[in-house]
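Chains as they are written, first to last, in the numbering used here: chain A, 1 to 87; chain H, 1 to 279.
Here's the structure, in structure tokens; my notes come after.
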């Protein structure tokens, strides 16, 4: 399952925090370290299926926990209309 | 259902809602604005308020729509829609079926034009109380009922309240200044409002049992600031301009959380707001 970042977003990074402005809904979202890490992977075109492995390697967590975190993160992004299914 | 709000050239200074209701705003507004824009002390760029209110014969070609084409800014307000064409320096205002006095809607529209123009210049507009003392200003942001107006009133005098609710943060030569809209509800202008004061710090208000202030990091400052930005532009250029301005402001100016109570004397708050202390 692959996602793409919606086009109506403007993105700014300050220190380790990523800010995402949803222009269509006039809402500003922000991600701190872990969320910012995953978001930048998505921005770089990394498929969702590879996110958990990268997260586990970067933050030294087990793969099961990483999978749960990624699933929750993607659900949140979809719920907030920041990403959509690709294709 | 929209009703076209006809904003004719300012030489005919009234407007009609649905062709029936005429609102006699101040006929002197045009000359007031022109005088202010021409005055040596005028700092806020008022030319946009003059030039944005004229448009050609192709009004019908522009209609409200979701999102904004490049070069246009479209804002959906509570009782109006505004389309601002920066390239042509013109504004189209649509009043919805009026739910509030039209002069209030008019004032909101004019202030919105000022905000959007200011965003284009790298500035911001925030809900907050602007307070000046000795050539410096601070902005106190807080939700409705947080106490910013009460605190501002308690500090004046010796402080001067720039505005208790609406501050324009204007960027000039890499520095930030505080001003506010010079427009009055009755359609006139207040020349004393057309002055800028150097921005020293931005405070975010929180109620507490004892008064104190503490610095906050740029990332957190930006989150706070976003809650108080007057409106978010719809166009890519406009919204990214606001993000850039917030990022620049969060780094260039100190941001602090201000905890306030009802018993600390005003002098203590003045020390905290304008002094160099970090307590």
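Beta carbons: idealized from backbone N, C-alpha and C, even for Gly.
**Study point:** residue 44 of chain A CB to nearest heavy atom of the ligand HEM below 7 Å
**Key:** Among the components of this structure there are no ligands whatsoever, and the ligand HEM is therefore not found.
Review point. If you count every other CB in all the chains shown that lies within 10 Å of the CB of residue 43 of chain A, and 16 or more means buried, which is it?
Key: As a working note, residue 43 of chain A is residue 43 in the first chain. It counts as exposed.
Review point. Which bits of chain H does residue 14 of chain A rub up against, with CB to CB less than 7 Å?
Key: Mapped onto the first chain, residue 14 of chain A falls at position 14. Chain H residues near residue 14 of chain A: 218, 219, 222, 247 and 250.
Review point. With 16 as the cutoff for other CB atoms within 10 Å, does residue 23 of chain A come out buried or exposed?
Key: Here residue 23 of chain A corresponds to residue number 23 of the first chain, with the count starting at 1. Classification of residue 23 of chain A: buried, given that the 10 Å Cβ count is 16 or more.
Exercise for review: Please classify residue 217 of chain H: does DSSP put it in a helix, a strand, or coil?
Suggested key: Position 217 of the second chain, counted from the first residue, corresponds to residue 217 of chain H. DSSP places residue 217 of chain H in coil when its eight states are reduced to three.
Practice item. Just confirm the distance between the C-beta atoms of residue 270 of chain H and residue 155 of chain H, as a whole number of angstroms; I'd bet it's less than 8 Å. Key: Sequence index remark: in the second chain, residue 270 of chain H carries index 270 (1-based). Sequence index remark: in the second chain, residue 155 of chain H carries index 155 (1-based). So it is a contact: roughly 6 Å between Cβ atoms.
Exercise for review: Grab the span of the beta strand (DSSP E) containing residue 136 of chain H for me, first residue to last.
Suggested key: The residue you call residue 136 of chain H lines up with position 136 of the second chain. Residue 136 of chain H -> beta strand (DSSP E) spans 136-141.
**Study point:** In DSSP terms, what residue 10 of chain A is bridged to
**Key:** Your numbering for residue 10 of chain A matches position 10 in the first chain. BP columns for residue 10 of chain A point to A/21.
Exercise for review: Drop a sphere of 10 angstroms on the beta-carbon of residue 60 of chain H, count the other beta-carbons inside from all chains shown, and report buried for 16 or more, exposed for fewer.
Suggested key: Residue mapping note: residue 60 of chain H aligns to position 60 of the second chain, counting from 1. At residue 60 of chain H the pLDDT is 33, less than 50, meaning the model places this residue with poor confidence and gives no usable figure here.
Exercise for review: For the segment 205-278 of chain H, list the alpha helix (DSSP H) runs that are entirely contained and at least 4 residues long, ordered along the chain.
Suggested key: 218-228, 236-252 and 266-274
Review point. Span of the alpha helix (DSSP H) holding residue 56 of chain A?
Key: Numbered from its first residue, the first chain carries residue 56 of chain A at position 56. Note, residue 56 of chain A: alpha helix (DSSP H), 48-59.
**Study point:** Residues near residue 189 of chain H in its chain [Cβ-Cβ closer than 7 Å; skip 5 each side]
**Key:** Sequence index remark: in the second chain, residue 189 of chain H carries index 189 (1-based). Closer than 7 Å at Cβ, skipping near neighbours: 29, 32, 33, 36, 182 and 183.
Practice item. Can you tell me which of H/132, H/207 and H/245 puts its alpha carbon nearest to the alpha carbon of residue 144 of chain H? Key: Indexing the second chain from 1 puts residue 144 of chain H at position 144. Checking every option, the nearest Cα to that of residue 144 of chain H belongs to H/207.
Check your understanding: How long is the line joining the alpha carbons of residue 30 of chain A and residue 54 of chain A, rounded to whole angstroms?
Key -> Position 30 of the first chain, counted from the start, is the residue given in the question as residue 30 of chain A. Position 54 of the first chain, counted from the start, is the residue given in the question as residue 54 of chain A. Using only the alpha carbons, I get a separation of about 21 Å.
Point to revise | Where the alpha helix (DSSP H) through residue 183 of chain H begins and ends | key: As a first step, residue 183 of chain H is located in the second chain; it is residue number 183 there, counting from the start. Run containing residue 183 of chain H: none; DSSP gives neither H nor E here.
Review point. What is the DSSP secondary structure of residue 30 of chain A, reduced to helix, strand or coil?
Key: Stepping through the first chain from its first residue, residue 30 of chain A is reached at position 30. Note: residue 30 of chain A maps to strand in three-state DSSP.
Check your understanding: Measuring CB to CB, does residue 25 of chain A end up less than 8 Å from residue 86 of chain A?
Key -> Taking the first residue of the first chain as 1, we reach residue 25 of chain A at position 25. Taking the first residue of the first chain as 1, we reach residue 86 of chain A at position 86. Taking 8 Å as the Cβ cut-off, residue 25 of chain A and residue 86 of chain A do not qualify as a contacting pair.
Check your understanding: With burial defined as no fewer than 16 other Cβ atoms inside 10 Å of the residue's Cβ, what is the status of residue 79 of chain A: buried or exposed?
Key -> Residue mapping note: residue 79 of chain A aligns to position 79 of the first chain, counting from 1. By the neighbour-count rule (16 or more Cβ atoms within 10 Å), residue 79 of chain A is not buried but exposed.
Check your understanding: Within 10 angstroms of its Cβ, does residue 224 of chain H collect 16 or more other Cβ (buried), or is it exposed?
Key -> The sequence position of residue 224 of chain H within the second chain is 224, counting from 1. Buried is the call here.
**Study point:** residue 151 of chain H, buried or exposed, once every other Cβ within 10 Å from all chains shown has been counted against 16
**Key:** To locate residue 151 of chain H, count along the second chain from 1; it is residue 151. Residue 151 of chain H is buried by the Cβ-count criterion.
Practice item. Taking C-beta pairs closer than 9 Å, name the residues in chain A that residue 125 of chain H reaches, listed in chain order. Key: In the second chain, the residue the question calls residue 125 of chain H occupies position 125. Going along chain A, no residue has its Cβ under 9 Å from residue 125 of chain H, so there is no contact; the nearest lies around 14 Å.
Check your understanding: Given that a residue counts as buried once 16 or more other Cβ atoms are within 10 Å of its Cβ, and exposed if not, what is residue 82 of chain A?
Key -> Taking the first chain and counting its residues from 1, the one referred to as residue 82 of chain A is at position 82. Counting Cβ neighbours within 10 Å, residue 82 of chain A comes out buried, since at least 16 surround it.
**Study point:** Contacts that residue 239 of chain H makes with chain A (C-beta to C-beta distance below 8 Å)
**Key:** Residue numbering aside, residue 239 of chain H sits at position 239 when the second chain is read from its first letter. Correct list: 10, 21 and 23.
**Study point:** Among H/273, H/125 and H/244, nearest to residue 257 of chain H - alpha-carbon criterion
**Key:** Here residue 257 of chain H corresponds to residue number 257 of the second chain, with the count starting at 1. Checked all of H/273, H/125 and H/244; the closest Cα to residue 257 of chain H is H/273.
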